[in-house]
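Quick notes on the structure that follows.
Residue numbers (full-length UniProt numbering): 1 to 172.
Listed below in structure tokens is the structure:
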């Protein structure tokens with residue numbers, strides 16, 4: 001298996017279509033347990049440079065019921081990763097080493113749902129902050145040596161600071 005290559009590219013208007021196609025597949029695979037399937041992350045913010053990976057947030061009624069849909073998700077090409085470091089989450093990714101989709105799933109009323117939604121809306125409403133974030137991501141990817149953990153650490157201070165601001169802003 002080849003090593004994962006990290007890249008941050010300019011916004012691609014096709015990302016929205018890619019998400020819509022995937023949402024339809026996920027809706028069918030999960031069924032009525034899926035309360036809401038949303039496009040999140042940088043690819044959901046028009047004009048924002050991003051890793052070309054579609055981030056998807058799914059709100060479900062019951063995580064245990066979601067676990068019974070694992071075979072359906074595998075059939076769509078997803079790797080089932082369980083909580084993957086975040087309690088109360090179910091995480092899936094698609095595309096092998098060159099990821100195409102990340103799915104973050106939480107049960108209704110989980111605070112992580114609110115956090116993801118707030119950060120997206122905050123970036124949309126604050127284009128200068130989104131531009132700053134794009135620059136940080138491009139710098140992080142160039143310094144990371146294709147190491148996703150290094151890339152994440154280099155973005156972390158910005159995300160921590162702005163997530164707090166986003167939650168305060170989104171609450172109003």
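All C-beta atoms, glycine included, are put in the ideal place defined by N, C-alpha and C. In this text, all values refer to a predicted model and were calculated from it rather than measured experimentally.
Any idea what DSSP makes of residue 34, helix, strand or coil? strand
Identify every residue that forms a DSSP beta bridge with residue 48. Residue 48 pairs with nothing; no bridge assigned.
Excluding five sequence neighbours on each side, which residues of the same chain lie with their C-beta closer than 8 Å to the C-beta of residue 148? 4 and 6
Ignore the nearest five residues each way along the sequence and tell me which others in residue 75's own chain have a CB closer than 8 Å to its CB. Closer than 8 Å at the Cβ level, and outside the excluded window around residue 75, lie 29.
With DSSP as the reference, label residue 86 as helix, strand or coil. coil
From what residue to what residue does the beta strand (DSSP E) around residue 59 run? 54 to 60
Whole angstroms is fine: what's the gap from residue 96's alpha carbon to residue 102's? 11 Å
Only counting the same chain, and skipping five residues up and downstream in sequence, which positions put a Cβ closer than 6 Å to that of residue 196? The shown model of the chain, from 1 to 172, leaves out residue 196, and the question about it has no answer.
Just checking, does the stretch 103 to 114 make contact with the stretch 9 to 17 on the three C-beta pairs under 8 Å criterion? no
Under three-state DSSP, which class holds residue 149? helix
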